[in-house]
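Shown next, in structure tokens, is the structure this report addresses.
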Amino acid sequence: MKASVGDRLVVRGHRVGDPERDAEVVEVRGADGGPPYLVRWSDDGHESLMFPGSDAHIQHFDPASN
Amino acid sequence: MQTISRLRRSGVGVAPDRTLRDVARLMSSSGIGTVAVLDGDDLVGIVTDRDLVRRGLARELPPDARVDGIMSSPVITIEADTDLHEAISTFGRHALRRLAVVDHGAFVGIISLDDLLVDVATDLRQLTAPMAAEITSPQQDSGLPVPG
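Quick note, the sequences are listed as chains A and B, same order.
So the first sequence is numbered by this note's numbering: it starts at 1 and just counts up by one.
So the second sequence is numbered by this note's numbering: it starts at 67 and just counts up by one.
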């Protein structure tokens, strides 16, 4: 997995009915865009260090679309 | 060999001085119920949502108590390239529901016993499908050849 600052990290729910969670990548701590990532969660703005697993994917931020 | 890598869930890391309130909010934001406590890059503890209840709320710790006061330590870990069957044995030896996954010692995520069991059950269902079909829909053998 590779990410850049501004990308969106999405984590799927683990049980039926659990919503997806998403966060903005604010810092890439790994080498070559790899994890871990410092992320800011969209629902309350809290920041945490995230180690994405098979339940997560990256949506790349496209500056041209904004 | 099938490894646990495709079953690895995301993990969240926090510093030892984060408060119980912060960790509870973080679990709520991320939907992740197990948090790794990291001192720099070193994995020093694990805290689950259950720990927050039993070691925090039940003991009436204040919301601004440090998370390292309720963490489980030392941490039982499993390497990211561990074979599935070996992982099942590890869960059996330690009677835990979640294990910290490490890659050459560095924390990379969490594996849960639930995910492992669902995966094994899916494999078993596929393996036994032909046998189940034979039992529930037996094919009639053709008759013996008639001597000429």
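Beta carbons are placed, not taken as given, at the ideal position from N, Cα and C, and that holds for glycine.
Listed in chain order, the alpha helix (DSSP H) runs fully inside the region 106-194 of chain B are 150-160, counting runs of at least 4 residues. For A/Ala56, the uninterrupted beta strand (DSSP E) segment begins and ends at Ala56 to Gln59. By the Cβ rule, the region 73-82 of chain B counts as touching the region 169-179 of chain B, because three or more pairs are nearer than 8 angstroms. Below the 7 angstroms Cβ cutoff, chain A contributes His46 and Ser48 as neighbours of B/Leu92, in chain order. For B/Ala90, the uninterrupted alpha helix (DSSP H) run begins and ends at Leu86 to Ser96, by DSSP.
For B/Val141, not one C-beta of chain A is nearer than 8 angstroms to its own C-beta. The contact set of A/Val11 on chain B, defined by CB atoms closer than 8 angstroms, consists of Ser76, Ser96, Gly97 and Ile98 in chain order. The three-state secondary structure of A/Asp32, taken from DSSP, is helix. In the structure shown, A/Glu27 adopts extended strand secondary structure according to DSSP, grouped into three states. Scanning its chain for C-beta atoms nearer than 6 angstroms, with the 5 sequence neighbours on each side dropped, one finds around B/Arg132 the residues Asp83, in chain order. The region 109-128 of chain B makes no contact with the region 43-56 of chain A, as fewer than three CB pairs between them are under 8 angstroms. Around the beta-carbon of B/Met137, 16 or more other beta-carbon atoms lie within 10 Å, marking it buried. Within chain B, the residues placing a beta-carbon under 7 angstroms from that of A/Phe51 are Ser76, Gly77, Gly79, Phe173, Val174 and Gly175, ordered along the chain.
The criterion of a C-beta distance shorter than 8 angstroms is not satisfied by B/Ala166 and B/Val184. In the structure shown, the three-state DSSP call for B/Arg74 is coil.
Contact between B/Asp149 and B/Thr69 is confirmed by a C-beta separation of about 6 angstroms, below the 8 angstroms threshold.
Residue contact check for A/Asp43 against chain B: a CB pair falls below 8 angstroms.
Taken through DSSP and simplified to helix, strand or coil, B/Ala199 comes out as helix. Per DSSP, reduced to three states, the secondary structure at B/Ala102 is strand. Using a Cβ-Cβ cut-off of 8 angstroms, B/Leu118 does not count as an interface residue toward chain A, since no Cβ of chain A sits closer than that to its own. Taking 8 angstroms as the cut-off, the beta carbon of A/Gly33 is found closer than this to the beta carbon of A/Ala3. Rounded to whole angstroms, the gap between the alpha carbons of B/Val168 and B/Ala195 is 35 angstroms.
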